[in-house]
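**Student:** After the structure tokens below, expect a handful of questions from me.
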Amino acid sequence: KVVDGTRVFSLTAQEGVTEFRPGVETRTWGFDGSHLGPTLRAERGERVAVEVANDLDEPTSVHWHGMHLPAAMDGGPHQEVDPGATWRPTWEIDQPAATLWYHPHPHGATEQHVYRGLAGLFLLDDDASRTADLPSTYGVDDVPVIVQDKVLDDDGQLELKDDGGEPGTLGDVVMTNGTVGAYQEVTTERVRLRLLNGSTARTYQLGFADREMDLVATDGGLLDAPVPIDDIRLAPGERAEVVVTMSQGETTRLRSVEADLGSVAAPFAMGANDAFDVLELRAADELAPSPKPAWGASEHATADALHEADASVTRTFELDEKRINGRSMDMGRIDEVAELGSTEVWEVHSTVPMPHSFHVHDVQFEVLSIDGDAPPPELTGRKDTVYLESGRDYRLLMRFDDYADPDMPYMYHCHMLMHEDAGMMGQLVVV
Ligand code: C2O
Ligand code: CU
Ligand code: CU
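Below, the structure written as structure tokens:
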């Protein structure tokens, strides 16, 4: 609802039960329901406010992943909401249209809270996305695809491995939007899938066996132009929007195939070999025509362009098993200080034979290079999370605009949530 020009949402974190297996009640957590949360949606330029209530027995928080906003509204570990309390962040949407998401970020317990089911999408629209020739009827030809893997124990309850074994919990049950064996009835020639890897540890390689897809957007919004791809690797926290073309009466399946993880140690390679069906698409006998994906230069390409020549600071981040630059997360320590308006290059590197999923709050960055080479097409758009192949040098370009607060940090961390909770996170203030 809109009150005095502000779009107001409410989210209540609560416990519930969900039937993943017929006749078996699994205890889960959700926002405003028993599992996952509603899709929030707002326009660029709009002011939003959220009433975040906590009906759980323990503190949680809600972080707006991918959102450019003041640090005090970010919903990280410094904005925890106590049981019974309500937190009311408000900010103005000031970034290009994109598929963002929200999830808890309580210090040391993010993995548990997300795994139990606290997560949802936050979609942003703008003039560029509205006038683009893209399927855009939500739930009809514009479909959320939140992919998560779980382990269900003998009693059908969610099991989270807590022995510290890498890379965290890899589930043998894959669910889409909280549903095992999910399918979508397709009534149009083209369908847009908004893919989110909402898993705590698993990296997916999503595609169809029998067709290409048009990659149209990644974390931060539309690419400069659609890119045909066979499949796309998504690490925990990453998103992509793809458009799939269907024929009348046919059925096909989005699935995750063996992911190319780069050079990794054994526990990672094991998970990569798993293959799963993610979403079945069932086309009707008659399909309404859809436009071929196309749009003009997206807004960020001109308005918010980043230039490496403007970079005044270069920072280096070395990630080992659980630490960044040899340090473990400390809520009382500021690790980095950035100046408001400054453009920076971040050089990020996994020094151990394991990948990480590197995420920075507040900004959408550009991947300048990987080992000195230009990034592949799927990494040419704005990103807030990037899969770090072991041993490779990632150079990221970003700018800290609009919001300074010497007293409240933004987080940067690994989005493999066991790593984050174990301390693979640092704090940055913008002054
Ligand atoms: Cu999606 Cu700091 O998180
Ligand atoms: Cu985030
Ligand atoms: Cu990691």
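In mature numbering (1 follows the signal peptide of the UniProt record, and there is no 0), the protein residues as written are 30 to 460. Heads up, the beta-carbon is just placed ideally off N, CA and C, and yes, glycines get one too. In this text the structure is predicted, and so the values were computed from the model without any measurement.
1) Span of the beta strand (DSSP E) holding ARG145?
2) Return yes when at least one heavy atom of ligand 2 lies under 8 angstroms from the C-beta of MET453, else no.
3) Measure how close the beta-carbons of VAL460 and MET427 come, nearest whole angstrom, since I'm counting them as under 8 angstroms.
4) Counting only runs that start and end within the stretch 149 to 220, where is the alpha helix (DSSP H) found for 4 or more residues in a row?
5) Ligand 3 heavy atoms versus the CB of PRO384: any closer than 8 angstroms?
6) Name the one or two DSSP bridge partners that MET427 has.
7) If you follow the beta strand (DSSP E) that GLU309 is in, where does it begin and where does it stop?
8) Closer than 6 angstroms is what we want: which residues have a beta carbon that near any heavy atom of ligand 1? List them in chain order.
9) For GLU188, I'd like the list of residues in its chain whose CB is within less than 6 angstroms of its CB, leaving aside the five on either flank, ordered along the chain.
10) Taking the continuous beta strand (DSSP E) assigned at HIS94, which residues delimit it?
11) Which residue spans inside the stretch 50 to 85 form an unbroken alpha helix (DSSP H) run of at least 4?
12) For the 8 angstroms Cβ check, are there 3 or more pairs between the stretch 142 to 156 and the stretch 56 to 74?
13) May I ask you to check if the CB of ASP413 is nearer than 8 angstroms to at least one heavy atom of ligand 2?
14) Select from LEU224, VAL377 and TYR423 the residue whose C-alpha is nearest the C-alpha of ILE399.
15) Would you list the residues sitting across from LYS412 in a DSSP beta bridge?
16) Rounded to a whole number of angstroms, what is the C-alpha to C-alpha distance between ASP391 and TRP120?
17) Of the choices HIS442, VAL293, LEU425 and GLU373, whose alpha-carbon is the least far from that of VAL381?
18) Using a Cβ-Cβ cut-off of 7 angstroms (strictly less than) and excluding sequence neighbours within five positions of ASP170, which residues of its own chain qualify?
19) Taking DSSP as the reference, what is the three-state secondary structure of LEU252?
20) So LEU224 and ALA269 are supposed to be a Cβ contact under 8 angstroms. How far apart are they, rounded?
21) Can you check DSSP and say which residues form a bridge with THR89?
22) Which residues share a DSSP beta bridge with HIS132?
**Tutor:** Judging by the given coordinates:
1) One-based indexing of the sequence shown puts residue 145 at position 116. Per DSSP, ARG145 belongs to no beta strand (DSSP E); it is in the alpha helix (DSSP H), 139 to 145.
2) One-based indexing of the sequence shown puts residue 453 at position 424. Result no, Cβ not under 8 angstroms from ligand 2.
3) For this step, residue 460 is matched to residue 431 along the sequence shown. For this step, residue 427 is matched to residue 398 along the sequence shown. Wrong, their Cβ atoms sit about 16 angstroms apart, outside the cutoff.
4) 156 to 160
5) Mapped onto the sequence shown, residue 384 falls at position 355. Within the cutoff, so yes.
6) Indexing the sequence shown from 1 puts residue 427 at position 398. In the DSSP output, where bridge partners are listed per residue, MET427 has GLU373.
7) Along the sequence shown, one-based indexing puts residue 309 at 280. Per DSSP, GLU309 belongs to the beta strand (DSSP E) from 305 to 317.
8) HIS92, HIS94, HIS132, HIS134, GLY266, HIS388, HIS390, MET440, HIS442 and HIS444
9) Against the sequence shown, residue 188 aligns to sequence position 159. Once the five neighbours on either side are set aside, the close Cβ partners of GLU188 are VAL180 and ASP182.
10) Sequence index remark: in the sequence shown, residue 94 carries index 65 (1-based). 92 to 94 is the span of the beta strand (DSSP E), which, as asked, contains HIS94.
11) none
12) yes
13) Along the sequence shown, one-based indexing puts residue 413 at 384. Because some heavy atom of ligand 2 lies under 8 angstroms away, the Cβ of ASP413 counts as near it: yes.
14) Along the sequence shown, one-based indexing puts residue 399 at 370. Comparing Cα positions, the closest option is TYR423.
15) Numbered from 1 along the sequence shown, position 383 holds the residue referred to as residue 412. In DSSP, LYS412 forms a bridge with PHE394.
16) Indexing the sequence shown from 1 puts residue 391 at position 362. Indexing the sequence shown from 1 puts residue 120 at position 91. Approximately 12 angstroms, taken between the alpha carbons.
17) Indexing the sequence shown from 1 puts residue 381 at position 352. Here the closest residue by C-alpha is VAL293.
18) Residue 170 sits at position 141 when you count from the first residue of the sequence shown. Correct list, in chain order: PRO164, THR217, ARG219, VAL220, ARG221 and SER319.
19) Against the sequence shown, residue 252 aligns to sequence position 223. Strand at LEU252.
20) Within the sequence shown, residue 224 is the residue found at index 195, counting from 1. Within the sequence shown, residue 269 is the residue found at index 240, counting from 1. Confirmed, Cβ separation roughly 5 angstroms.
21) Position 60 of the sequence shown holds residue 89. VAL110.
22) Working through the sequence shown from its first residue, we reach residue 132 at position 103. The partner list for HIS132 (beta bridge, DSSP) reads HIS92.
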